[in-house]
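Asks:
Chains as they are written, first to last, in my numbering: chain A, 1 to 373; chain B, 374 to 679; chain C, 680 to 1057.
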């Protein structure tokens, strides 16, 4: 017996809606087996993973804090991926954005003004965008594989930050410990509501998601992105430039990552330190795919992924499962989501031998495949 | 043992896991599949190799366990991307997450145990040749495997019909399918080969490089291996050269520090990455190199039309 | 690219851990009167819940592992009276405050945060939960009366191993694998060098910074590079057993770090500087039980059993006897490793004849002593 795929004439509306739930169901089943094997009560474990973090106010705030950078970066990446540009280095752009945005509060730490925050946010976005220009330029000019250059630049950015906070930007009153001064009050992103730490970064994330959604859906730019992403050749016939798109995609995603970086530093940390991100730039790639490269889907996906982190902690404390289980859980969830999305475009048949009738269909794949160059 | 000899051996030790993982991924990519999960397969290989060696007491059984673990993990990737045509980039990333989590769980009981080192196998007579003998013929099994695999893959890809078929699939799976080649089956085999090689690389980490198990001990080497494949423009012998160059740059940085060169160590640590970028650019500037060698349908899903 | 928060990818430039400020006795007149007004706030407790936050996985066999050993020691000591919980691989940054707050809300009576980068988060949460005690390792901020800090004087052990190195080395040179140039590590390098110079004034030290606390492969590479450059003694201020294994392979001697690494080099390890947090954790949990917990800044060493030297092995008896004598004189307070005359690297005087470095100077140290042939990254 073998599994065969049969292309649907058009994407299935039913499975577009159902597939995330099927994936969640399968993850829960696997999770239950896993917890049983570990000798834990599966119902209790699931409660701590998915429900407990939603029951108290502060935890919701924390959920927002964790989801904010993920959503911001992933929204930028969705545009990039849709246009068939593979920016894997958002982590580096996040770091560079944080550094660029911190120039004012670190080097002009005495300056207090309502202008400080807007300037920080803008320079953060510019910093991220400029750093993303490097792989874009190398790809456009020399045809260099952007997956690898953007990835290598992550390490460079992290080491650069490390050097900055241990060297030139070290807090002169900090007993030679590697961190910058604490930002003054006018350089801190304010909290949205009392009762928790959630800051304005969340608003940025939601606005960015809505604006990107609108751009992709209703503007010529959005059309250009999808056309070029599906086929560079078709794009050329329509008069679009793939080279310009490389720059647009990288600048856009870089700016988003940079903004996320400075928002995180200004809203949640309050200073620069050797490590400012636990890998948001990489996790955001997963968020982008979980949200099927749709900005609104990404908001949901970012919240779900953030929930698994918080839930993982709750489960670690309450029933003593290790944090590796949380990772395993995330991996499994992602696998099932990817697998179930197949159902949107294909019917799955189990065959013994007989041949299936050929169903012709347009060669449109989603998400867009890596383009041949 | 002279200074240069010793340094060369250090470079080769640092490069061997990269060669092993990259040569596997090279075959995978030649068949038109992009598996970004090398890091995940490698760490699974490392933990299973260590566990196998501890339980059985034999490092060779450990190596076998590493190969099986890497291979099994790659089949998971194969099922999703080849059978269910899921996105290869995302699936590869998911594989890495899963691998890091699962290896941590498996390895919990092996922490703090000294490992069993894979013995050095001197090749009689040859290892007595001055200088070169000790470097090339006085190494462990996995080093010989890495060299053998590179030569074997070069021969297979460019000298055999099966290799031609595999490259044809990577360049145009549609035509290959029309000619009656079983695209999916060949790709499964390639992915499996890649997984086994990554498993070997992991085994090298936990049985040779630093014979112990600690979480996240692959520390990003899977990603470097991926970069090396492009760096080598999908040619096996260039891949070998690239891996040794990378090893030389990172070991050289440490030597420069020990000699007291006053460069901030962060910049020394950046060197291998910057060097990789520069070489990538140099290679891709020559369009013939990349266009001829890059598998044209890399990363594209294939669904046979019947 | 491994990763601390579980998502899986980045290459770790790990985290900071550092050391702390001098033992300051704080004037607590105001809070003392507040306590009197509030009545016996510090009542005795039969049952205590102690919670721990680790920056790495408990499986690192280094920093976090040793803290977890301390937790297990306390559990064993108190039996049913103590409940513990821990969170591992908590990234420094926004996640730390959440993790600490979660513990504060889950009924912990005392929370140990075990990495330098948790400093601000610990103080922020402590402000909101005045009834819970917070203990921050290696930091210097104690903004609220319920925050204490603690650290160990690892440099005491480093002076001893410096002496052993100078006795045991045939080439008169040692290799030092450094993690990050923070004061604690610089202190260690200086103490090692001073110890070595006390035996052999011309002793040479080669330093390599690997920019990680924990990457066995890279640490092993650094060890190989140092050995290839002719050192015949290795010491490390990174956490993995990688260098020890390389030393064993190449047949030279080495010193362990954080935990006893003798199993990784039975004929290689001369001794190891072990972090033993167990006694401190027991002492502080006991204080919570008795209602005697007070804010303090602890910086203890050999004398208090926070720094423990592993068995002196693989060395002649006279070297061993000398090491034991030095250990004893440091333990008793008769000798301080940083006793003048000591010059800075550039030859200017730092400590005059007979002067002893104060803790404040030690804990912000960012210069080398004379004789070290390396440039300190600034």
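All residues carry an ideal CB built from backbone N, CA and C; glycine is no exception.
1. Between C:968, C:914 and C:804, which has its C-alpha nearest residue 725 (chain C)'s C-alpha?
2. Output the boundary residues of the beta strand (DSSP E) element that contains residue 978 (chain C).
3. Compare the Cα-Cα distances from residue 176 (chain A) to each of C:860, C:855, C:852 and C:853 and report the closest residue.
4. When the Cβ atoms of the stretch 151-168 of chain A are set against those of the stretch 266-280 of chain A, are three or more pairs found closer than 8 Å?
5. Which value, in whole angstroms, describes the spacing of the CA atoms of residue 635 (chain B) and residue 1055 (chain C)?
6. Give every residue of the same chain whose Cβ lies closer than 8 Å to the Cβ of residue 319 (chain A), excluding the five residues on either side of it in the sequence, and list them in chain order.
7. Per DSSP, residue 346 (chain A) is paired with what?
8. Look up residue 987 (chain C) in the DSSP assignment and give the residues it is bridged to.
9. When Cβ atoms are compared, which residues of the stretch 770-804 of chain C fall closer than 8 Å to chain A?
10. Over the uninterrupted alpha helix (DSSP H) stretch that includes residue 636 (chain B), give me the two end residues.
11. What does residue 649 (chain B) reach in chain A if we use C-beta pairs closer than 9 Å?
12. Quick check: the Cα distance between residue 587 (chain B) and residue 568 (chain B), rounded to an integer number of angstroms?
13. In this structure, how does DSSP classify residue 819 (chain C) when only helix, strand and coil are distinguished?
14. How many angstroms separate the CA atom of residue 1038 (chain C) from the CA atom of residue 25 (chain A)?
15. Compile a chain-ordered list of the residues in the stretch 736-768 of chain C whose CB is closer than 7 Å to at least one CB of chain A.
16. What is the rounded straight-line gap between the Cα of residue 804 (chain C) and the Cα of residue 779 (chain C)?
17. Does the stretch 78-90 of chain A touch the stretch 109-125 of chain A, meaning 3 or more C-beta pairs lie closer than 8 Å?
18. I need the straight-line Cα distance from residue 598 (chain B) to residue 408 (chain B), nearest angstrom please.
19. When you compare only the Cα positions, how much space is there between residue 864 (chain C) and residue 1007 (chain C)?
20. Give the interface partners of residue 331 (chain A) over in chain B, defined as CB-CB distance under 9 Å, in chain order.
21. I need the straight-line Cα distance from residue 793 (chain C) to residue 619 (chain B), nearest angstrom please.
22. Under a CB-based cut-off of 7 Å, is residue 592 (chain B) close to chain C?
23. CA-CA distance, residue 993 (chain C) and residue 643 (chain B)?
24. Taking the alpha carbon of residue 833 (chain C) as the point to measure from, which residue in C:928, C:810, C:879 and C:951 has its own alpha carbon closest?
25. How would you call residue 763 (chain C), buried or exposed, if buried means at least 16 neighbouring beta carbons within 10 angstroms?
26. Taking only three categories from DSSP, how would you classify residue 513 (chain B)?
27. Give the residues of chain B in contact with residue 322 (chain A), contact being defined as C-beta atoms less than 9 Å apart.
28. Does any CB atom of chain C fall closer than 7 Å to the CB of residue 389 (chain B)?
29. Determine whether the Cβ of residue 285 (chain A) lies closer than 7 Å to any Cβ atom of chain B.
30. Near residue 885 (chain C), what residues of its chain come up, given a Cβ to Cβ distance below 8 Å and the 5 sequence neighbours on each side ignored?
31. Determine, using beta carbons only, whether residue 214 (chain A) and residue 228 (chain A) come nearer to each other than 7 Å.
32. In the structure shown, what three-state DSSP assignment does residue 437 (chain B) receive?
33. Apart from the five residues on each side of it in sequence, which residues of its chain come closer than 8 Å, Cβ to Cβ, to residue 544 (chain B)?
34. Just the C-alpha distance for residue 8 (chain A) and residue 293 (chain A), rounded to the nearest angstrom, thanks.
35. Name the chain A residues that come within less than 8 Å of residue 464 (chain B), Cβ to Cβ?
36. Under the rule that 16 or more other beta-carbon atoms within 10 Å means buried, what is residue 533 (chain B), buried or exposed?
Replies: Let's see:
1. The residue you call residue 725 (chain C) lines up with position 46 of the third chain. The shortest Cα separation from residue 725 (chain C) among C:968, C:914 and C:804 belongs to C:968.
2. Looking up residue 978 (chain C) in the third chain gives position 299. First-last of the beta strand (DSSP E) with residue 978 (chain C): 976-979.
3. By one-based count along the first chain, residue 176 (chain A) stands at place 176. Residue C:860 is the option with its Cα nearest to residue 176 (chain A).
4. yes
5. Your numbering for residue 635 (chain B) matches position 262 in the second chain. Your numbering for residue 1055 (chain C) matches position 376 in the third chain. About 8 Å.
6. In the first chain, the residue the question calls residue 319 (chain A) occupies position 319. For residue 319 (chain A), where only same-chain residues beyond five positions count, the Cβ hits under 8 Å are 40, 41, 44, 45 and 48.
7. Counted from its first residue, the first chain places residue 346 (chain A) at position 346. In the DSSP output, where bridge partners are listed per residue, residue 346 (chain A) has A:7.
8. Residue mapping note: residue 987 (chain C) aligns to position 308 of the third chain, counting from 1. Per DSSP, C:953.
9. 770, 771, 772, 773, 774, 776, 777, 778, 780, 781, 782, 784, 785, 795, 796 and 799
10. In the second chain, the residue the question calls residue 636 (chain B) occupies position 263. Premise fails: residue 636 (chain B) is in no alpha helix (DSSP H) and is neither H nor E.
11. Walking along the second chain from the start, residue 649 (chain B) turns up at place 276. Simply 148, 149 and 152.
12. Counted from its first residue, the second chain places residue 587 (chain B) at position 214. Counted from its first residue, the second chain places residue 568 (chain B) at position 195. Looking at the two C-alpha atoms, the distance is approximately 21 Å.
13. For this step, residue 819 (chain C) is matched to residue 140 along the third chain. In this structure, residue 819 (chain C) counts as coil in the three-state DSSP scheme.
14. Looking up residue 1038 (chain C) in the third chain gives position 359. Looking up residue 25 (chain A) in the first chain gives position 25. If I take the Cα positions, the gap works out to 58 Å.
15. 764, 766, 767 and 768
16. By one-based count along the third chain, residue 804 (chain C) stands at place 125. By one-based count along the third chain, residue 779 (chain C) stands at place 100. Going from the Cα of residue 804 (chain C) to the Cα of residue 779 (chain C) covers about 7 Å.
17. no
18. The sequence position of residue 598 (chain B) within the second chain is 225, counting from 1. The sequence position of residue 408 (chain B) within the second chain is 35, counting from 1. Roughly 11 Å separates the two Cα atoms.
19. What you label residue 864 (chain C) is simply residue 185 of the third chain in a count that begins at 1. What you label residue 1007 (chain C) is simply residue 328 of the third chain in a count that begins at 1. Their Cα atoms are separated by approximately 23 Å.
20. What you label residue 331 (chain A) is simply residue 331 of the first chain in a count that begins at 1. Correct list: 413, 467, 468, 469, 470, 471, 472, 473, 474 and 475.
21. By one-based count along the third chain, residue 793 (chain C) stands at place 114. By one-based count along the second chain, residue 619 (chain B) stands at place 246. Rounded to the nearest angstrom, the two C-alpha atoms are 36 Å apart.
22. To locate residue 592 (chain B), count along the second chain from 1; it is residue 219. Closer than 7 Å: yes.
23. Along the third chain, one-based indexing puts residue 993 (chain C) at 314. Along the second chain, one-based indexing puts residue 643 (chain B) at 270. Rounded to the nearest angstrom, the two C-alpha atoms are 38 Å apart.
24. Stepping through the third chain from its first residue, residue 833 (chain C) is reached at position 154. For residue 833 (chain C), the nearest C-alpha among the options comes from C:951.
25. As a working note, residue 763 (chain C) is residue 84 in the third chain. Buried, by the Cβ-count rule.
26. In the second chain, counting from the first residue as 1, residue 513 (chain B) sits at position 140. Reduced to three states, the DSSP call for residue 513 (chain B) is strand.
27. Numbered from its first residue, the first chain carries residue 322 (chain A) at position 322. Under the 9 Å cutoff, chain B gives 477, 478 and 481.
28. For the purposes of this step, residue 389 (chain B) is taken as the residue at position 16 of the second chain. Not closer than 7 Å to any Cβ of chain C, the Cβ of residue 389 (chain B) fails to qualify, so no.
29. Stepping through the first chain from its first residue, residue 285 (chain A) is reached at position 285. Yes, because at least one Cβ of chain B sits closer than 7 Å to the Cβ of residue 285 (chain A).
30. Counting from one through the third chain, the residue named residue 885 (chain C) turns up at place 206. The answer, listed in chain order, is 852, 853, 854, 855, 905, 908, 910, 1052 and 1053.
31. Residue numbering aside, residue 214 (chain A) sits at position 214 when the first chain is read from its first letter. Residue numbering aside, residue 228 (chain A) sits at position 228 when the first chain is read from its first letter. Not closer than 7 Å, so no.
32. Here residue 437 (chain B) refers to the residue found at position 64 of the second chain. Residue 437 (chain B) falls in the helix class under three-state DSSP.
33. As a position in the second chain, residue 544 (chain B) is number 171, starting the count at 1. Cβ neighbours of residue 544 (chain B) beyond the five flanking positions: 405, 668, 669 and 670.
34. Translated into positions along the first chain, residue 8 (chain A) becomes position 8. Translated into positions along the first chain, residue 293 (chain A) becomes position 293. Residue 8 (chain A) and residue 293 (chain A): Cα-Cα distance of roughly 21 Å.
35. On the second chain, residue 464 (chain B) is found 91 positions in, with the first residue counted as 1. Simply 335 and 338.
36. Here residue 533 (chain B) is taken as the residue at index 160 of the second chain, counted from 1. Residue 533 (chain B) is exposed by the Cβ-count criterion.
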